[in-house]
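Q: Residue 1 is where the sequence shown starts when you use full-length UniProt numbering, and the numbers rise one by one after that.
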Amino acid sequence: LAKFNDFKSFAKFPRNLLSAQCVIDGQRIRVICWHAAWTAPPTDTEETLRQAKEVADYLKNLKEPFILGCDLNAIPQSMVAGLINGVANNLMMNSGVLQTNHPKIHKIAPRGFLIDYIFTSSHFKLKKLEVPEVTISDHLPVVAELEFNPED
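Here you go:
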């Protein structure tokens with residue numbers, strides 16, 4: 001589609017959420033990844049809000065601790081991010097990270113957006129977060145070191 005400059009079609013592509021239950025030292029933890037609907041520039045739309053509401057409801061009803069890593073395709077001030085913030089801890093908040101799309105190879109302009117996130121249940125405390133500028137994708141990796149407290 002990029003070859004034909006048909007970027008509006010990206011928003012209509014099916015998107016998925018993958019959720020796996022892991023058992024670590026006898027503790028069940030839900031590990032989730034989600035690639036949300038895309039718009040350029042990142043904008044709240046009927047579809048992005050619909051997806052965010054579904055994911056927020058899913059997270060709210062989980063019984064076990066969770067970690068969600070996602071290409072949210074939404075900026076921190078968006079209603080989409082706000083819906084997820086309402087049910088999970090946003091590790092990107094107050095992290096100082098301003099951008100997660102790769103500044104040199106992301107093909108869609110404008111660049112320079114924070115659109116990739118890690119969200120957790122209250123069971124996790126952030127010890128360290130970094131977004132190294134390495135070329136593994138058109139996005140930068142978000143790497144977090146977490147401390148787990150099963151009692152929260």
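Positions of the beta carbon are idealized from the N, C-alpha and C atoms, including for glycine.
None of these values were measured; they are calculated from a predicted model.
Taking the continuous alpha helix (DSSP H) assigned at Gln27, which residues delimit it?
A: Gln27 -> not in any alpha helix (DSSP H); beta strand (DSSP E) instead, spanning Gln27 to His35.
Q: What runs of the beta strand (DSSP E), each 3 residues or longer, lie entirely inside the segment 38 to 85?
A: List check, beta strand (DSSP E) in window: 66 to 71.
Q: Tell me which same chain residues have a C-beta within less than 6 Å of the C-beta of Leu59, skipping the five on either side of it?
A: Result list for Leu59: Val87 and Ala88, in chain order.
Q: Measuring only the C-alpha atoms, how far is Cys22 from Pro65?
A: Cα to Cα, Cys22 sits roughly 10 Å from Pro65.
Q: For His106, which of Gly96, His139, Ala74 and Val97 has the nearest alpha-carbon?
A: Among Gly96, His139, Ala74 and Val97, the Cα nearest to that of His106 belongs to His139.
Q: Please go through the same chain and pick out, in chain order, the residues whose beta-carbon is closer than 6 Å to the beta-carbon of Asp44, but skip the five residues on each side of it.
A: Counting only Cβ-Cβ distances below 6 Å, and skipping sequence neighbours, we find Ser78, Met79 and Val80.
Q: Could you give the distance in angstroms between the alpha-carbon of Ala74 and the alpha-carbon of Lys128?
A: In a straight line, the C-alpha of Ala74 is about 23 Å away from that of Lys128.
Q: At the level of alpha carbons, what is the spacing between Tyr117 and Ile67?
A: So the alpha carbons of these two residues sit roughly 10 Å apart.
Q: Run the CB neighbour count on Ala36, radius 10 Å, all protein chains shown included, and call it buried at 16 or more, exposed below.
A: Looking at its Cβ environment, which holds 16 or more other Cβ atoms inside 10 Å, Ala36 is buried.
Q: If residue 173 sits next to Trp38, beta carbons under 8 Å apart, how far is it from one beta carbon to the other, in whole angstroms?
A: Nothing can be reported for residue 173: it is not among the residues displayed for the chain, which extend from 1 to 152.
Q: When DSSP builds the beta bridges, which residues end up paired with Val97?
A: Answer is none; Val97 lacks a bridge partner.
Q: Excluding five sequence neighbours on each side, which residues of the same chain lie with their C-beta closer than 7 Å to the C-beta of Leu17?
A: Only Ile32, Trp34 and Val55 meet the Cβ criterion.
Q: What separation, rounded to the nearest whole angstrom, lies between the Cα atoms of Phe124 and Arg30?
A: Cα to Cα, Phe124 sits roughly 12 Å from Arg30.
Q: Taking all protein chains shown into account, decide if Pro42 is buried (16 or more other Cβ within 10 angstroms of its Cβ) or exposed.
A: Looking at its Cβ environment, which holds 16 or more other Cβ atoms inside 10 Å, Pro42 is buried.
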